[in-house]
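Residue 1578, in my numbering, is where the sequence shown stops; the numbers in between run on with no holes. Every residue gets a Cβ at the ideal spot worked out from N, C-alpha and C, and that includes glycine. Reviewing the structure listed below.
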Amino acid sequence: MSTHKTDDPEALFRRAAEHALAFRRGIADRKQRPDMTYGEALAKWEASTPENGQPSEAVLEEMVRLADGGLHAMTGPRFFGWVIGGSHPAGVAADWLVSAWGQNVGNHMAAPAASAAETIAATWLVDILGLPNGSSVGFCTGATMANFVGLAAGRSEVLRRLGWDVEAKGLFGAPEIRVAVGEDVHVSALSALQFLGLGHERVLKVATDAEGRMLPGALAKALDAGTGPCIVMAQAGQINTGASDPFEEIVPIARRHGAWVHVDGAFGLWGNACPTRAHLTRGVELCDSWATDGHKWLQTPYDCGFAFVRDAEAHRRAMAFGASYLPPVAEGERDPTHYVPELSRRARGFATWALLKHFGRAGIAEMVERHCRIAKIVADKAAEEPGIQMLNKVVLNQAVLRFGGNVSIEEGNDKTLATIAQLQKDGIAFAGGSKWRDRWMMRISVSGWSTTEADALKTAEAIKSAWRQVRGRND
Ligand SMILES: *Cc1c(COP(=O)(O)O)cnc(C)c1O
């Protein structure tokens, strides 16, 4: 065993910054996909367990060398693969300091600045997203955990009203909770149900319209058919169409049954921060809890999500725990860990604060608006080409395209998958596929801060070119 005490943090940190700059500088011009597959990357990384340590600078250089070729230009301007934001430099820089400062933001006595940044960023988020004043906020790893937190608060509250303490007693012997979800619910929201003992299969599936929005009549029917406590999981931003549930109609139905309404708004909730799109999420503030991501539309580095709960007491009850070695929290004080499942945790408040400060309310509205405009341009331009069909009404940042024209479902699926593969191979723009209602489609998700209208035109051309290559094979 050897230890290295000669490492120079200054040289190391500078080197890391140089590598970061080199990567970001070339991002727009490189292929918008990795140059190697996972298998190839694994072969490159393959090595036996290190027995003896090495200087940290050498380790850093080796990591950069090994990662090269296997990095995806997710922060590039023509990455449309998933709604995953683009790690804005303002957040990346803040996040470097988060690591350098090494604050464990479990409680506010140990980490006052990190806790304060979270508290203030939380109130800004509630304001910008148009949620009820005083809603509590948990900073977690992403929307999957934010869904978990919101649903945990709902589970706690609907059972508390019946005199059942789920935190203490668990679900064994508890009144059965009915959970209603739309047919087009995101899989991650179902996994949150799975973690909570509510099951992802025993849900009441509520029919949706052509854009994936819950049908109010179907929800009423599902809830009328039974009795007992219930939770309705709604959605702001369907992953294929970008459509949101009609909250103004479904919340009163849920209320009649005393249901808790949770919203999976991983990206779609940000539409509420944009005056020209807020009508899409009208009434979302009437719900009880909301999940959204920082690392999608707000452009923070991964991992960052937010859980909002109108009833702060239910939120705390579901998440908080005490221990003799943890400082007590006085009335009116906020401990970050009381609103999320983790104890030791990353100081997510700093990058969140930095991005809210950098964009401001106006900058967020402008970016959301631009992304929605770009999604529409890509889809409109691509659909000018014979054989390319736009499948959704592009209202938000999502556009779905299908290839082949008037052919059978199977043939359309083959053509669509072949076009996606060709687009990815060409590497000018990156989009992935999604299977929805038996049909494969190319999914364009616009969510990177650096994407411009020029990128939209370039992307539409790349899609048309990919399709022409596929079509040409059979001509
Ligand atoms: C991305 C997404 C999630 C999951 O969020 P993570 O941050 O990846 O955990 C959940 N729901 C919807 C609608 C999403 O788009």
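I1512 has its CB no nearer than 7 Å to any heavy atom of ligand 1. Look at S1291: its beta carbon is less than 7 Å from one of the heavy atoms in ligand 1. For the options Q1527, M1544, S1537, R1571, the alpha carbon positioned closest to that of R1181 is the one of Q1527.
Burial is judged here by how many other beta carbons sit within 10 angstroms of a residue's own beta carbon; W1570 has at least 16 and is buried. Nearest neighbour of A1454 by Cα position, chosen from I1231, I1223, P1355, turns out to be I1223. Following the DSSP letters along the chain, one finds M1545 in no alpha helix (DSSP H) but inside the beta strand (DSSP E) bounded by residues 1542–1548. For H1398, the distance from the CB to the nearest heavy atom of ligand 1 is below 7 Å. C-alpha of F1424 to C-alpha of P1439: approximately 12 Å in a straight line. Within the region 1498–1533, the runs of alpha helix (DSSP H) that reach at least 4 residues and sit entirely inside it are, in chain order, 1512–1529. Of the candidates R1576, R1118, G1386, D1529, D1529 places its Cα closest to the Cα of E1564. Comparing alpha-carbon positions, the option among N1155, S1151, T1140 lying closest to A1170 turns out to be T1140. According to the DSSP assignment, H1418 belongs to the alpha helix (DSSP H) that extends over 1415–1422. Per the DSSP secondary-structure output, L1401 pairs with nothing in a beta bridge. Proximity of the beta carbon of A1369 to ligand 1 is indicated: a heavy atom of the ligand is located closer than 7 Å. Taken through DSSP and simplified to helix, strand or coil, K1308 comes out as strand. CA-to-CA, the gap between G1188 and C1407 works out to about 11 Å. Annotation: the region 1203–1287 contains the following complete segments of the alpha helix (DSSP H) (minimum length 4 residues), in chain order: 1215–1231, 1246–1263, 1269–1272.
Distances from the CA of A1369 to each of G1386, C1377, R1385, L1401 were compared; the closest alpha carbon is that of L1401. Nearest in C-alpha terms to Q1572, of all of E1488, R1476, I1353, is E1488. Check the Cα spacing between D1138 and each of F1126, G1172, E1160: the tightest is with G1172. Distance from the Cα of I1491 is smallest, within the candidate group G1515, R1128, K1147, A1532, for G1515. At a threshold of 7 Å, I1342 counts as near ligand 1, since its beta carbon sits closer than that to one of the ligand's heavy atoms. By the criterion of at least three beta-carbon pairs nearer than 8 Å, the region 1152–1169 is not in contact with the region 1532–1544.
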